[in-house]
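Visitor: Sending over a structure as structure tokens; questions will come in a sec.
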Amino acid sequence: MELFNNYGPKPNAELILGYGFSLPDNPDDTIVLKIGSRGFQTSSGAVSEKQWEVGRDARGAESVFSAVLEVVSPRPEQRSIEDELDAAAMLEDMALSLFERLPGASSSELRPEVALMLEHYLEGQRDIITALIVFAHEKETKALQIARDQGKVFCEGDELEQVQEDEEE
């Protein structure tokens, strides 16, 4: 008789902590993001300490972007293209900050099997954060395209201005 243990879909962080192994290119890797150290105020005035989980290919990033947008502009009815651009920039800055804080793999001080687990974990984190940065760039590109479609241009002062077309006589 054989007994099989199914660990189910788990990120490497959970596999390492719970079972002592990791998977290369684990499709279930995630990072957990919290906006602000003390939460943030929502449009209803409540303070939220919600966490967002983002996976590979920026899975879950849309809800993070919505939360960042709510921080930038709490009133949805008053949101502008500038707010979308600010939220995209803020999300990108957050992701870049996370990327910069990832530790390097100093495998010389670790047992080879531990160094391998660490590399699997860090590879997943780097991949997810890179996808989040790409997602933020796509949000920025989309907002700029909408601005252009509305006849606005991006100016040096980081503000959008309406383009005045000269009428021909």
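In this note's numbering, the protein residues as written are 2 to 170.
For every residue, glycine included, the Cβ atom is placed at its ideal position computed from N, Cα and C.
Just so it is clear, the structure is predicted and the values come from calculations on it, not from any experiment.
#1: Rounding to the nearest angstrom, what Cα-Cα distance links Ser64 and Glu15 in this structure?
#2: What is the C-beta distance between Ile129 and Ile36, in whole angstroms, given that I count them as a contact (C-beta under 8 Å)?
#3: So the beta strand (DSSP E) Ile32 belongs to, where does it begin and stop?
#4: Given that a residue counts as buried once 16 or more other Cβ atoms are within 10 Å of its Cβ, and exposed if not, what is Gly40?
#5: Contact check, Lys140 vs Glu85 under 8 Å by CB: the rounded distance?
#6: Leaving out five residues on either side along the sequence, give the residues of the same chain with a beta carbon under 6 Å from the beta carbon of Arg80.
#7: I think Phe100 touches Arg127, with their Cβ atoms under 8 Å apart; what is that distance to the nearest whole Å?
#8: Whole beta strand (DSSP E) runs in the segment 46-102 with 3 or more residues, listed along the chain?
#9: If I follow the unbroken alpha helix (DSSP H) through Asp150, where does it start and stop?
#10: Does the beta-carbon distance from Asp26 to Pro12 come in below 8 Å?
#11: Quick one: residues in its chain with C-beta nearer than 8 Å to the C-beta of Phe66, no 5 flanking neighbours on either side, listed in chain order?
#12: Take Leu24 as the anchor and find which of Leu123, Val55, Ala68, Arg102 has the nearest alpha-carbon.
#13: Among Leu133, Pro104, Glu83, Ala148, whose alpha-carbon lies nearest the alpha-carbon of Leu97?
Guide: Quick look at the numbers:
#1: Going by the C-alpha atoms only, they are around 23 Å apart.
#2: Their Cβ separation, rounded to whole angstroms, is 17 Å, which puts Ile129 and Ile36 out of contact at 8 Å.
#3: Segment 31-35, the beta strand (DSSP E) holding Ile32.
#4: Reliability fails at Gly40, whose pLDDT of 48 lies under 50, so the model's placement of it is uncertain and the value that follows must be treated cautiously. Its Cβ having fewer than 16 others within 10 Å, Gly40 is exposed.
#5: Here Lys140 really is in contact with Glu85; their C-beta atoms are around 7 Å apart, less than 8 Å.
#6: Ser74.
#7: That belief holds up - the Cβ atoms of Phe100 and Arg127 are roughly 7 Å apart, short of 8 Å.
#8: Taking only runs of at least 3 residues, the beta strand (DSSP E) segments lying wholly in the segment 46-102 are 52-56.
#9: Unbroken alpha helix (DSSP H) run through Asp150: 113-150.
#10: A distance of 8 Å or more separates the beta carbons of Asp26 and Pro12.
#11: The answer, listed in chain order, is Ala88, Ala89, Leu92, Phe136, Ala137, Lys140.
#12: Distance from the Cα of Leu24 is smallest, within the candidate group Leu123, Val55, Ala68, Arg102, for Leu123.
#13: Checked all of Leu133, Pro104, Glu83, Ala148; the closest Cα to Leu97 is Leu133.
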